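Novice:
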Amino acid sequence: MKVIRPFKIVGVGYCLPSKCVHSQEMEKELGLPAGWIYKYSGVEKRHIATTESNSWLGAEALKKAMQSAELQPKDLGCLIAASATFDYPLPNKASMIKHELGWHHTEVGCIDIDTTCLSFVTALDYASRLLNDSDCRHVAIVSAEIASKGLNPEHKETFSLFGDAAAAIIVSFDDTGESGLVKHSMVTYAEGAEHTIIRGGGNKFFFKDHPYDATLHSFSMEGKKLLKLAMQKVPEFAEKFFCKIGLTIGEVDLIIPHQASKSGLMLLDSLLGGKKDKVVNNLANYGNCIAASIPLALTEAIETRRLKKGDSCLLIGTAAGFSVGGLLFKF
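Here the working numbering = 1-based position in the sequence shown + 296.
This is the structure we're talking about:
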């Protein structure tokens, strides 16, 4: 297993909205039988934003990551916001996180990357390129997601699945070359582009022409079609991803998947032949937090020392579009 772009994770942090909603409460609210949500979604509780904004959650997570990295704002070469949801269409998300932090006199550039649920994975690949192809030595990646605002309570499956959260990771150039990226790949199967969609809010269904409608402006997912496509494409993707690396998916030390759904995690378990001890699964505690899911799970794995120095780690998941992506790195 060869490191092709050296980097090391030097700081992590996360932030959750103060309001935590247990599935029992939600079942009463939605008129569902006791235990229905956990049975179908695998979620026991999730955090829901009330007064918190994307920028505030992201800023709080980044503060913690900067403290753990023992870095100052002036040390950063770039701040990447990697998420699907946002406070404003303009300006970009990273700029608003920097503004929330009050870093008004720091010349750190702000970039947004949005590949929906795979945004953090894409951003980590991009950060590794910055660290190896420029004079940049430290990059901050922040995934701050508020999914709850775009959900329709009439669609009980999705309304009970998602949660809100933010996570931040600081990556630095590794002079030793021992840690870093081994491989990154993402494939988009556009036949599934409309299986997960929010139709209203952009120029196609602009708000001046299409006033708010719960169906038009809420997240919509065709679960059966999505699962069928995932069952076909994810094993195919994984086989191609590992064909020239020199190890199999079962030999990876730790696997951090996107916490998409109970069925999505079961699909990964089937690829591993039941080796669940290798997989980080925090879906029950947080729900699907879109792009924040993977860095939140990564942060927990690092803080609890489940991911140890020298371990191989695979970040893998699916995203609206329909995309499948993975990134293998050595910690």
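We treat Cβ as the ideally placed atom computed from N, Cα and C, and that holds for glycine. As the structure is a prediction and not an experimental result, all values here were calculated from the model.
Assuming contact is defined by CB atoms lying nearer than 7 angstroms, are Gly405 and Cys374 in contact in what I supplied?
Specialist: On the sequence shown, position 109 is the one that residue 405 refers to. On the sequence shown, position 78 is the one that residue 374 refers to. Taking 7 angstroms as the Cβ cut-off, Gly405 and Cys374 qualify as a contacting pair.
Novice: What did DSSP end up calling Asp565 once you bin it into helix, strand or coil?
Specialist: Here residue 565 is taken as the residue at index 269 of the sequence shown, counted from 1. In this structure, Asp565 counts as helix in the three-state DSSP scheme.
Novice: Taking just the CA atoms, how far does Leu563 sit from Gln282?
Specialist: Any answer about residue 282 is impossible in this case: the structure gives the chain only from 297 up to 627.
Novice: Can you have a look at Asp421 and say buried or exposed, based on whether 16 or more other CB atoms are within 10 angstroms of its CB?
Specialist: Your numbering for residue 421 matches position 125 in the sequence shown. Burial call: buried.
Novice: Within this structure, are the beta carbons of Gly240 and Phe458 separated by less than 7 angstroms?
Specialist: Because the chain in this structure spans residues 297 to 627, residue 240 falls outside the shown range and cannot be described.
Novice: Which same chain residues, not among the five before or five after Glu518, have their C-beta less than 6 angstroms away from its C-beta?
Specialist: For the purposes of this step, residue 518 is taken as the residue at position 222 of the sequence shown. If we look at Glu518 and ignore the five residues flanking it on each side, its Cβ neighbours are His491.
Novice: Looking only at its chain, what residues have a beta carbon closer than 7 angstroms to the beta carbon of Asp408, apart from the 5 residues adjacent to it on each side?
Specialist: What you label residue 408 is simply residue 112 of the sequence shown in a count that begins at 1. Ala377, Asn388, Lys389 and Ala390.
Novice: Along the chain, which unbroken stretches of the alpha helix (DSSP H) at least 4 residues long are found entirely within the region 488–563?
Specialist: Within the region 488–563, the complete alpha helix (DSSP H) runs of at least 4 residues are 519–538.
Novice: Under the three-state reduction of DSSP, which class applies to Thr595: helix, strand or coil?
Specialist: For this step, residue 595 is matched to residue 299 along the sequence shown. Correct three-state label for Thr595: helix.
Novice: In chain order, what residues of the same chain have a beta carbon less than 8 angstroms from the beta carbon of Ala345, not counting five sequence neighbours either side?
Specialist: As a working mapping, residue 345 is identified with position 49 in the sequence shown. Once the five neighbours on either side are set aside, the close Cβ partners of Ala345 are Pro313, Lys315, Leu353, Ile442, Ser444, Lys445 and Asp460.
Novice: Compare the C-alpha of Ala587 against each of Gly473, Ala597 and Val438 and name the closest.
Specialist: Here residue 587 is taken as the residue at index 291 of the sequence shown, counted from 1. Closest by alpha carbon: Val438.
Novice: So, at 6 angstroms on beta carbons, what are the nonlocal neighbours of Ser516 in its own chain, with the 5 sequence-adjacent residues on each side left out?
Specialist: Here residue 516 refers to the residue found at position 220 of the sequence shown. Result list for Ser516: Ile493, in chain order.
Novice: Taking 8 angstroms as the limit between beta carbons, can you name the residues of its chain near Leu568, skipping five residues before and five after?
Specialist: Residue numbering aside, residue 568 sits at position 272 when the sequence shown is read from its first letter. The residues are Ile545, Gly546, Ile551, Lys574 and Val575.
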